[in-house]
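Report on the structure given below.
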Amino acid sequence: MINYQSILQTVPLNWYILVSLALFCIGTVGIIYRRNTIVIIMCIELMLNSVNLLLAAFSAYNGNPDGQIFVFFIMVVAAAEVTVGLALIVVMYRNIKSTNISLFNNLKW
Amino acid sequence: MIRNIFFFLSALALFSAVMTVFSRNLVHSTLYMILCFFAIAGHYLLLNAEFLAIVNIIVYAGAIMVLFLFAIMLLNLNKTKRIRLTRINLFAAVTSGGTLLLVFIAAIKRQAETVNPMMLSTDFGSVKFLGKILFNDYILPFELSSILFLSAMIGSIILIKKEHR
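Residue numbers (this note's numbering), protein chains in the order written: chain A, 1 to 109; chain B, 1001 to 1165.
Structure below.
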């Protein structure tokens, strides 16, 4: 049986904040760098997951289970978002036979 | 020991996230993403949130990434022409991402004092404990999320359906 109190004592909260912030920034870099729409949606998932990790860490260190419920609802919303996003990608591909986001610039300016 | 597990899981998550962004093959990118989700599930286990770890593996690594793989496979995206990525794009992305990280670190550097964790009960993140909260205090958002799922399903079916003229 692992003692969870000792885990929380040995790992400071700041390290969890640093890890999730680094994950968030990697997701940002991916959204700006990559041109493929599927990879962009995966990077959005990565950013949502980093926020989930941060919420779970805060909830564990604060002793308040409401943060974990919020993580659950964020997962629900992410699943719905991915469903609609992949349907949009399929429609995009059907129209111009490509998923390059740079080709969809009619509404840009 | 615990510290080493934490460092291993963090290094795995960060490495697989970087490989997701920078690998040119779409299927490799998706598989690295699954690895990243497993690392985050390990973090949840370390944080005494076993319900979240199970849900993360089932929903993210099981359902969402399989959906991505199916989309890549059905559209045959791996065979199509690779999109050229310019060096200036990489420069802009790394600069803005690094600046964002720098601002975040500067913001959390101000509060340097360590937080003492509260006393927890052992079944803090168990399914039983969270289920009681979910069905007592958060019953309305729980029911509303089912409507959200229904609308997402209907919306994706309508989007995918071929138009008849």
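A virtual CB, placed ideally from N, CA and C, is assigned to each residue, including glycine.
Look at N1136(B) here: in three-state DSSP terms it is helix. For a cut-off of 8 Å, the C-beta gap from I1147(B) to I69(A) is around 18 Å, too long to register as a contact. In this structure, the beta-carbon distance from L46(A) to L23(A) falls below 8 Å.
Annotation: F1104(B) to E1163(B) spans about 47 Å, alpha carbon to alpha carbon. Cβ atoms of T1020(B) and L1069(B) stay farther apart than 8 Å, at about 14 Å. For V11(A) and L1047(B), the gap between their C-alpha atoms comes out near 10 Å. The beta carbon of V1055(B) sits closer than 8 Å to some beta carbon of chain A.
For the options Q9(A), W15(A), Y16(A), I26(A), the alpha carbon positioned closest to that of L1101(B) is the one of I26(A). With a threshold of 8 Å between beta carbons, N1025(B) makes no contact with chain A. In chain order, Q68, F72 make up the part of chain A whose C-beta sits under 9 Å from the C-beta of F1051(B). For V51(A) and S20(A), the gap between their C-alpha atoms comes out near 7 Å. Residue contact with chain B for N14(A): present (Cβ-Cβ distance below 8 Å to some residue of chain B). In its chain, beyond the 5 residues on either side, L8 have a beta carbon closer than 7 Å to the beta carbon of A60(A). In this model, Y93(A) and G1097(B) are separated by some 29 Å (Cα to Cα). F1008(B) and F1149(B) have their C-alpha atoms roughly 36 Å apart. Separation of I1088(B) and R34(A) (C-alpha to C-alpha, rounded to the nearest whole angstrom) is 12 Å.
Of L1074(B), F1142(B), K1161(B), G1125(B), the smallest CA-CA separation from A1053(B) is found for G1125(B).
Distance from the CA atom of T37(A) to the CA atom of N64(A), rounded to whole angstroms, is 37 Å. One thing to note: V84(A) has its Cβ within 8 Å of the Cβ of S1156(B). DSSP places R94(A) in the uninterrupted alpha helix (DSSP H) bounded by 66–96. Within the same chain, no residue comes within 7 Å of N62(A) by CB-CB distance, once the 5 residues on both sides are set aside. Apart from sequence neighbours up to five positions away, the residues of its chain that approach A1017(B) with a beta-carbon distance below 7 Å are C1036, ordered along the chain.
In the three-state DSSP reduction, N1089(B) falls in the helix class (H, G or I).
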